[in-house]
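Q: Here you go, one structure.
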Amino acid sequence: MNLTPINKNFSRALLLIASLVTTIIQAGINLAYDKQATQSSDVSSTLGRASNAVDGNTDGNWYNNSTTSTKSEQGAWWQVDLGSKKIINQIIIYNRTDCCADRLKSYRVSISNEEYFRTNTYQQDFYVVPNPKNIIRLDAQDKQGRYVRIQLLDKNHLSLAEVQVIGGELCSSKIKNWRFPEVGYSSAHNDFGGTTNALNYPNMGAFAVLDPDGSITAWGGSNYGGVNPPTGGGYTKIYSAGSAFAALKADGTIATWGDPDWGGKKGAPKSNGYIKISSTLSAFAALRVDGTIATWGETYSENHPPIDNGYIEIYSAGNTFAALKANGTITAWGGSANAPTDSGYTKIYSNISGFAALKIDGSITTWGDFGAKSKPTPRDSGYIRIYSTNSAFAALKADGSITVWGNQRNGGSNAPRDSGYTKIYSTDSAFAALKADGSITVWGNQRNGGSNAPRDSGYTKIYSTDSAFAALKADGSIKAWGNSSYGGKGAPKDSGYTKISSTYGTFVALKVNGSITAWGWRGVDGSKDAPLPRDSGYIDIYSNQFSFAAVKADGSITAWGNPNYGGKGAPD
C-alpha cells in the first residue's frame, strides 16, 4: 500500500478558501442532460437531432440514432441551454465512433450567458480529434455560464455523440466540501486492481469526513471509530484500518481513534513530520519526511519495523508491511517478512498473505504464502502491472498478455492466452480482464465471477463486490454476474448510469441525474431507520463494508444501510 511533503502554509490556505462563502463547487452533475439543445441545421428530419447529444447515451454509432449531425456547412454549430447561469468545471465531448471522427478535427468550445454568444466567459480552440472523447477540465478556473456551444472552424458536418457539462448551481451560500478517507470499501474494490492492493485497509463499520476547516466528523459503530474523533481543526487527510482511523495534520502530527488494540489509540507516534500512512486490517505504518517509519496496532508478529531511513513507500498485505527505498531495496515485517535481498524494485503489489514486487525491467519476485508457493512466479520480464484476488496474482504485459499464479481455484490458473487486454479487475476469488474493444474474459472461482461474463463488447469499466462483478457500458447500461446474493443478478435494465459503488455484497449505481439504484445482498434498500435515498442530485457515493454515504453538490450527505455501522447518523 502506497504512501510528498505538504507545504504547511499552502495547506492552510486551501482549507481557508474551502471554508469561505463561495460560488465554486468542486464536483458536479451533468447539467446538460435532457436540456434544450439546438444546432445550425439538421441533416435529416428524423435522424441526427441536436437532442441526441444530451440524452445520456454516449454511443457514437450513427445507425443507432444516438448522434447529432448538421448539414455540411462553414462553421456548423451545436449548443445547449442549461436553463440558468451555472458553475461549469468540466465539459466532456463524445465523438462519433462508427466513422467520420475526423470531422471534429478543428473546433471551438465556448461558454456564454447570451444565447447568441456576443460575449463569452470561456472560449478555446481544439485541433485534436476526440477518440472517442475530449475531457476539458475547467476546475482550476471554474466558469459561469448558461449556454455551451461547439462550433467547427472549417466546413463540414458537425456530428456529436454526447456532450456532458459537469458542474453545479450558482450559490452564494457556504458549500460543504467534505473529504472522505483516502481509501473506502468501494474504492479498495474498484480502483487498485484488487482490494489488498489498496493504499489502506478500508474501515468496516464507520465513516469519517474532513470538514472544510480541517475538523473531523465521524459516525457509525463505536468499535470502528464512529464516535470520539479528535477535536479541533487543521487535519488534511484521514486514513483507515479495519476498525480505526488515523488523521494527519499539515505539520505531520497524527491523531487516532477507534478500536484501541487495532490502531485506534495505543502506540501512535507523538512527534511531527509524518507525510503518509498505510494500514493493514489491524495496524498502521506512518512514513516520516526523513524516510523513517513508525508502526502501531496489532501486527501479530515478533518482527519489528526497520530502524533505518530512506524509505519512500509503504505497502501492506494481510498482517504484513513492506517498505520500498529509492534504490529499490525492500524491507518487510509482520507475517510474511521474507522479502528479496536484491535491489531495483519499483512497486510492490499484494494479496491477502503474499507480495509480488515489480522491477524496472518488468521482472517479478514474490514472497509470502499465497502466490509464492502455489504456482511458480513468471520468470520472464516486460510486465507493467500486477493485479490480485485474495490468494492469486495476474500480471499484465505491455502487449496485453496475461500470466497468473497462486491459488488455482481463485484465479491462479486458466487465464486467457491471447493478448490485447488493457486492465484487470477482481473479486475476492476471480478475475475479469477488459480488452480495448470493451469485451471481457473471466477466470477463477466460477460462482464468484469466474464464469458467465457478458459476451458482447463496449464495456468501459468493471466494478466488484466480494463475489460478483458489474460492468458499465459507454451508454450507461450495466451487466452483472457472479454470486447472485452478492450482486451477480438484479442489475438495472435501463441505461444512463455513470458510476457504480459497492459494499461487500451490494452494488449501487449513480445515474446521470444523480439518482441511485441498488441491487445485491438482502437489505439493499437499507433499513427502516436508514433507507436508500429516492431523490436525485447526488454526485458521489462512498461506502464501508455494510453501509453507503452519498454526497450532493451542495455538500449534504445521506447515509443508508446497516444503521449500526454508518447507515445513519451522517452530518446534517
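Going by this note's numbering, the sequence shown opens with residue 19, and the numbers climb by one from there.
Just so it is clear, CB atoms sit at the ideal spot from N, CA and C, and this is done for glycine as well.
Keep in mind that this is a model prediction, so the values were computed, not measured.
Determine the DSSP secondary structure at Y203, reduced to helix, strand or coil.
A: Against the sequence shown, residue 203 aligns to sequence position 185. Looking at Y203 - three-state DSSP - the assignment turns out to be helix.
Q: Report, in whole angstroms, the separation of the C-beta atoms of G223 and Q563, which I expect to be a contact under 8 Å.
A: To locate residue 223, count along the sequence shown from 1; it is residue 205. To locate residue 563, count along the sequence shown from 1; it is residue 545. Going by Cβ atoms, the distance from G223 to Q563 rounds to 7 Å, so yes, they are a contact pair.
Q: Provide the residue(s) that pair with N174 in DSSP beta bridges, ordered along the chain.
A: Indexing the sequence shown from 1 puts residue 174 at position 156. Its beta-bridge partners are E91.
Q: Classify Y560 as helix, strand or coil using the three-state DSSP reduction.
A: Taking the sequence shown and counting its residues from 1, one reaches residue 560 at position 542. Strand at Y560.
Q: What is the residue span of the beta strand (DSSP E) that T56 lies within?
A: Counted from its first residue, the sequence shown places residue 56 at position 38. Note, T56: beta strand (DSSP E), Q54 to Q57.
Q: CB-CB under 7 Å to S554, same chain, minus the five flanking residues each way: which ones, in chain order?
A: Taking the first residue of the sequence shown as position 1, residue 554 is located at position 536. So the qualifying residues of the chain are N531, G532 and S533.
Q: What does the alpha-carbon distance come out to for the pair D229 and K511?
A: Position 211 of the sequence shown holds residue 229. Position 493 of the sequence shown holds residue 511. Approximately 37 Å between the Cα atoms of the pair.
Q: Of all the options D558, S565 and I480, which has the alpha carbon lying nearest to the alpha carbon of F225?
A: Within the sequence shown, residue 225 is the residue found at index 207, counting from 1. Per the Cα distances, S565.
Q: Any chance you could list the alpha helix (DSSP H) runs of at least 4 consecutive residues sitting entirely within the stretch 199-282, in chain order?
A: Complete alpha helix (DSSP H) runs here, min 4: 203-208.
Q: For the structure I just gave you, are there three or more beta carbon pairs, one from the stretch 480-487 and one from the stretch 518-530, closer than 8 Å?
A: Yes, they touch.
Q: Near S361, what residues of its chain come up, given a Cβ to Cβ distance below 6 Å and the 5 sequence neighbours on each side ignored?
A: Locating residue 361 in the sequence shown gives position 343, where the first residue counts as 1. So the list reads N345, G346 and T347, once near-sequence residues are dropped.
Q: Would you call M416 buried or exposed, if buried means 16 or more other Cβ atoms sit within 10 Å of its Cβ?
A: By 1-based counting over the sequence shown, the position of residue 416 is 398. It should be pointed out that residue 416 corresponds to Ala in this sequence rather than to Met. Burial call: exposed.
Q: Would you call the stretch 206-219 and the stretch 282-293 touching, i.e. three or more CB-CB distances under 8 Å?
A: Output reads no: the stretch 282-293 does not touch the stretch 206-219.
Q: Taking 8 Å as the cut-off, does the stretch 87-98 touch the stretch 147-154 (at least 3 CB pairs, one atom from each stretch)?
A: The stretch 147-154 is not in contact with the stretch 87-98.
Q: Between G476 and the rest of its own chain, which residues show a CB-CB distance below 7 Å, the 5 nearest in sequence each way excluded?
A: Taking the first residue of the sequence shown as position 1, residue 476 is located at position 458. G456, K491 and A492, listed in sequence order.
Q: Roughly how many angstroms lie between the CA atoms of I129 and N501, to the nearest whole one?
A: Here residue 129 is taken as the residue at index 111 of the sequence shown, counted from 1. Here residue 501 is taken as the residue at index 483 of the sequence shown, counted from 1. Going by the C-alpha atoms only, they are around 47 Å apart.
Q: Helix, strand or coil for V72 per DSSP?
A: Walking along the sequence shown from the start, residue 72 turns up at place 54. Helix at V72.
Q: Which whole-angstrom value describes the C-beta separation of G429 and S419, a residue pair presumed to lie in contact below a C-beta threshold of 8 Å?
A: Numbered from 1 along the sequence shown, position 411 holds the residue referred to as residue 429. Numbered from 1 along the sequence shown, position 401 holds the residue referred to as residue 419. About 16 Å separates the two Cβ atoms, so there is no contact after all.
Q: Can you list, in chain order, the residues of its chain whose CB lies under 7 Å from that of R465, leaving out five sequence neighbours each side?
A: As a working mapping, residue 465 is identified with position 447 in the sequence shown. N501.
Q: Looking at the structure shown, is A492 part of a helix, part of a strand, or coil, going by DSSP?
A: Here residue 492 corresponds to residue number 474 of the sequence shown, with the count starting at 1. Three-state DSSP puts A492 in coil, outside helix and strand.
Q: In the DSSP assignment, what residue or residues form a beta bridge with T592?
A: This structure leaves residue 592 out entirely; the chain is present only between 19 and 590.
Q: Excluding the 5 residues flanking G276 on each side, which residues of the same chain have their C-beta closer than 7 Å to its C-beta?
A: As a first step, residue 276 must be located in the sequence shown, where it is residue number 258. For G276, where only same-chain residues beyond five positions count, the Cβ hits under 7 Å are Y242, G243, S261, A262, F263 and G282.
Q: Excluding five sequence neighbours on each side, which residues of the same chain lie with their C-beta closer than 6 Å to the C-beta of E180?
A: Locating residue 180 in the sequence shown gives position 162, counting from the first residue. Once the five neighbours on either side are set aside, the close Cβ partners of E180 are A71, T76 and Y112.
Q: CB V422 to CB S431, shorter than 8 Å?
A: Translated into the one-based positions of the sequence shown, residue 422 becomes position 404. Translated into the one-based positions of the sequence shown, residue 431 becomes position 413. Contact: yes.
Q: Starting from T421, follow the beta strand (DSSP E) in both directions and report where the run begins and ends.
A: Position 403 of the sequence shown, counting from 1, holds the residue named residue 421. First-last of the beta strand (DSSP E) with T421: I420 to G424.
Q: Taking the alpha-carbon positions, what's the G380 to N138 distance?
A: Against the sequence shown, residue 380 aligns to sequence position 362. Against the sequence shown, residue 138 aligns to sequence position 120. Their backbone Cα atoms lie some 49 Å apart in a straight line.
Q: Which first and last residues belong to the beta strand (DSSP E) in which L65 is found?
A: Walking along the sequence shown from the start, residue 65 turns up at place 47. First-last for L65: undefined, no H or E at that position.
Q: Using the C-alpha atoms, what's the distance from G78 back to T85?
A: Locating residue 85 in the sequence shown gives position 67, counting from the first residue. Locating residue 78 in the sequence shown gives position 60, counting from the first residue. Cα to Cα, T85 sits roughly 6 Å from G78.
Q: May I ask which residues mark the beginning and end of the beta strand (DSSP E) holding G579?
A: Within the sequence shown, residue 579 is the residue found at index 561, counting from 1. I575 to G579 is the span of the beta strand (DSSP E), which, as asked, contains G579.
Q: Among A259, I154 and N580, which has the Cα closest to the Cα of Y125?
A: Looking up residue 125 in the sequence shown gives position 107. Out of A259, I154 and N580, I154 has the C-alpha closest to the C-alpha of Y125.
Q: Around the C-beta of G101, are 16 or more other C-beta atoms found within 10 angstroms, so that it is buried, or is it exposed?
A: Translated into positions along the sequence shown, residue 101 becomes position 83. G101 comes out exposed.
Q: Could you tell me which of A303, D446 and K365 sits nearest to S371, measuring between CA atoms?
A: On the sequence shown, residue 371 is found 353 positions in, with the first residue counted as 1. Per the Cα distances, D446.
Q: Alpha carbons only, please: which of V307, N425 and T459 is nearest the one belonging to K441?
A: Residue 441 sits at position 423 when you count from the first residue of the sequence shown. Of the candidates V307, N425 and T459, the one whose C-alpha sits nearest the C-alpha of K441 is T459.
Q: Could you check whether W499 and G506 sit closer than 8 Å to each other, using their CB atoms as the reference points?
A: Looking up residue 506 in the sequence shown gives position 488. Looking up residue 499 in the sequence shown gives position 481. Yes, they are a contact pair.
Q: Check this for me: beta carbons of K497 and A489, under 8 Å apart or not?
A: Numbered from 1 along the sequence shown, position 479 holds the residue referred to as residue 497. Numbered from 1 along the sequence shown, position 471 holds the residue referred to as residue 489. Cβ distance < 8 Å, so K497 and A489 count as in contact.
Q: Could you give the distance in angstroms between the alpha-carbon of G232 and the alpha-carbon of I293?
A: Residue mapping note: residue 232 aligns to position 214 of the sequence shown, counting from 1. Residue mapping note: residue 293 aligns to position 275 of the sequence shown, counting from 1. For G232 and I293, the distance between alpha carbons rounds to 16 Å.
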